[in-house]
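Residue numbers (the numbering used here): 1323 to 1701.
Built from N, CA and C at the ideal position, the CB exists for glycine as well.
Read the structure below first, then the notes.
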């Protein structure tokens, strides 16, 4: 469906065109008409599907179509709630960009006409339900409510039932499913070899922009430091980093100054890169739904992406839970020509000394079908 047939104001169409967009994504073609009609919406969409534009464009259209007295009042009439500051910044920039040709400004919350909960499942995971309930008390009872979530469980359904009034349900993929253009692979690897396997794949496969997920803040710092020592430009972002440090690291990653960004689940929520090709689950998440969120960082807006998970012996049950959620098994592969690094623990209980000597002959293994882990071919 072309944007020109969407019924949006010409100023919004100009803004869309300036970003190089012509055709709507599936979530946009389904959500925009319903939102323009003032209906509540329950949207099921992964990150990277054009979800922000799916609600930003029709909301800007409705706000600009309001009467002049409301415009002069200049009280906010749309409220977007997101789980992280980074995502709030991203959504805010999208509203500014799409609305740059409109005479709208961006607070008294009693004039709010539309409430949007973006990535509602993550907000619940992070314990924001009470904060959401407090905010709702300050909003007028009569309003339009839009809720978008990549996954659906009983808590999300409970929130939706209490918030939405006869909503239009729009989905672009099955619930709790991964983005369809993301190739997924699993490496079974000893925990002590994960870092060495990661460095091997980055160098031999030519990965130039890799988002790596780890379970802990300490683990993120340690891995980023070790990769940097191995001449792979890397940085870590997590909740203990200052907002400035996180913003700088993300900016360097987007610009290509950093080859690897190591992140915890919470810190990664604001990462939106249209060209991100590879996501690595260095540690599998404890919550299966987090896997869906993680790999949704790649394969955005119809582009292809690759997600690789390192699975140690104590993570096999976590993998089983993920595959149960996805209702499919993930292809298992072995790295070509990877030889484990001998790791020894000196007497006395010291940790961290590794002897980088190769033992045995390289074991040849089949690569995934198609290009090697989605590596781009030189032209």
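By alpha-carbon distance to residue 1472, the top candidate from 1461, 1440, 1456 and 1338 is 1440.
Minimum Cα-Cα distance from residue 1522 among the listed residues 1663, 1504, 1403 and 1533 corresponds to 1663.
Around the Cβ of residue 1637, a 10 Å sphere holds 16 or more other Cβ atoms; the residue is buried. Across the set 1332, 1575, 1352 and 1571, the C-alpha of 1575 shows the shortest separation from the C-alpha of residue 1600.
Taking all protein chains in view, the Cβ of residue 1560 is crowded by 16 or more other Cβ atoms within 10 Å, so the residue is classified as buried.
Between residue 1400 and the set 1582, 1343, 1466 and 1621, the nearest pair of CA atoms involves 1466. Between residue 1615 and residue 1406, the gap from beta carbon to beta carbon reaches 9 Å or more.
For residue 1492 and residue 1517, the gap between their C-alpha atoms comes out near 41 Å. With fewer than 16 other Cβ atoms inside 10 Å of its own Cβ, residue 1463 counts as exposed. Around the beta carbon of residue 1360, a 10 Å sphere encloses fewer than 16 other beta carbons of the protein chains shown; the residue is thus reported as exposed. Residue 1556 and residue 1642 have their C-alpha atoms some 30 Å from each other.
Take the alpha-carbon of residue 1409 and the one of residue 1415: they are about 10 Å apart. Bounds of the beta strand (DSSP E) holding residue 1505 are 1504-1510. Following the DSSP letters along the chain, one finds residue 1436 inside the beta strand (DSSP E) bounded by residues 1436-1439.
Around the beta-carbon of residue 1613, 16 or more other beta-carbon atoms lie within 10 Å, marking it buried. If the five residues before and after residue 1331 are omitted, its C-beta is found closer than 7 Å to the C-beta atoms of 1383 and 1386, all from its own chain and listed in chain order.
Between residue 1483 and the set 1364, 1353, 1604 and 1567, the nearest pair of CA atoms involves 1364. Residue 1339 places its beta carbon 9 Å or farther from that of residue 1323. About 15 Å separates the Cβ atoms of residue 1423 and residue 1375, ruling out a contact at the 8 Å cut-off. Judged by their CB atoms, residue 1598 and residue 1533 are nearer to each other than the 9 Å cut-off.
Beta-bridge partners assigned by DSSP to residue 1345: 1324. Distance from residue 1418 to residue 1507 at the Cβ level is roughly 38 Å; contact not present, criterion being Cβ atoms closer than 8 Å. In the DSSP annotation of this structure, residue 1597 is not part of any beta strand (DSSP E), being labelled neither H nor E.
The beta carbon of residue 1381 sits closer than 6 Å to those of 1400 and 1436, all from its chain and outside the five residues before and after it, given in chain order. In the three-state reduction of the DSSP assignment, residue 1557 falls in the strand class, which pools E and B.
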